[in-house]
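One structure is given here, and the rest of the page talks about it.
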Amino acid sequence: MRATQVFHTYQPVQTVADSSRFRYCCACAAPLPLTSPEKPHPFCPACGWTLYRNPAPGVVILITEGDLVLLGRRGGEGNYGTGKWCLPGGYIEFGEDFLTAAIREVREETGLEVEIQSLLSVMSNFLKPGLHTLVVVLKAHITGGAFLAGDDLTELAWYPLAGPFPDMAFEADQSIISYVHATGFEGAPVDREYAGGVCHDLAL
Ligand SMILES: [Zn+2]
Numbered sequence: 018m019r020a021t022q023v024f025h026t027y028q029p030v031q032t033v034a035d036s037s038r039f040r041y042c043c044a045c046a047a048p049l050p051l052t053s054p055e056k057p058h059p060f061c062p063a064c065g066w067t068l069y070r071n072p073a074p075g076v077v078i079l080i081t082e083g084d085l086v087l088l089g090r091r092g093g094e095g096n097y098g099t100g101k102w103c104l105p106g107g108y109i110e111f112g113e114d115f116l117t118a119a120i121r122e123v124r125e126e127t128g129l130e131v132e133i134q135s136l137l138s139v140m141s142n143f144l145k146p147g148l149h150t151l152v153v154v155l156k157a158h159i160t161g162g163a164f165l166a167g168d169d170l171t172e173l174a175w176y177p178l179a180g181p182f183p184d185m186a187f188e189a190d191q192s193i194i195s196y197v198h199a200t201g202f203e204g205a206p207v208d209r210e211y212a213g214g215v216c217h218d219l220a221l
């Protein structure tokens with residue numbers, strides 16, 4: 018089975034940071050000059066701040082019990098994929114390592130405590146204009162906690178790894194579940210000495 022790691026939900030176009038959407042410096046509020054193809058990143062002549070737009074980094078976590086995988090139903094008004102299902106996960110905070118982020122997101126969304134076992138994949142998602150993510154997919158096993166949906170999830174359920182799946186919010190989630198099921202892939206080792214909740218320097 019082929020590994021798939023780039024997903025488009027719309028036809029992407031080559032774009033750069035667009036000064037028409039960013040008119041004032043977010044550091045000092047001075048007006049930003051127009052960008053050009055040669056200088057595509059908005060630059061503030063008053064304070065030297067430059068806007069680099071990047072995909073948002075996130076984590077998703079594959080938690081299995083036998084032949085079942087844990088999925089959650091997405092809540093939140095206006096969130097991407099509200100009402101559809103996904104693997105637990107979320108965005109990595111500034112100053113947070115991705116392994117700690119995964120443990121935190123699982124705790125917030127499922128009430129479960131987990132240990133990260135392995136790195137399964139990294140995926141680019143072009144979800145809609147203005148929402149691009151780079152997602153680290155991790156495998157984890159449950160070490161404790163309660164089974165209680167929270168934060169962005171309204172409901173939790175176990176589904177067969179072989180499917181059929183409910184209406185999924187992210188093609189990437191379904192792809193990695195099917196890949197792991199078809200190949201038995203266990204993933205690459207993860208750093209056992211990771212920061213584990215240490216918050217790094219948050220200064221700008
Ligand atoms: Zn500025």
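When you line the sequence shown up against my numbering, it's residues 18 to 221, in that order. Built from N, CA and C at the ideal position, the CB exists for glycine as well.
By the neighbour-count criterion, in which 16 or more other beta carbons inside 10 Å mark a residue as buried, LYS145 falls on the exposed side. If you compare the alpha carbons of ARG40, THR150, PRO74 with that of HIS58, the shortest gap goes to ARG40. Note on ASN96: under 16 other CB atoms within 10 angstroms of its CB, so exposed under the neighbour-count rule. DSSP places GLU172 outside any alpha helix (DSSP H); the residue lies instead in the beta strand (DSSP E), whose first and last residues are 170 to 177. Close to ligand 1, as judged by a C-beta nearer than 5 Å to any of its heavy atoms, are the residues CYS42, ALA44, CYS45, ALA47, CYS61, ALA63, CYS64, TRP66, in chain order. Only exposed fits TYR27, as fewer than 16 other CB atoms lie within 10 angstroms of its CB.
In its chain, beyond the 5 residues on either side, THR160, GLY161, GLY162 have a beta carbon closer than 6 Å to the beta carbon of GLU130. Going by DSSP, ARG124 is part of the alpha helix (DSSP H) stretching over 115 to 127.
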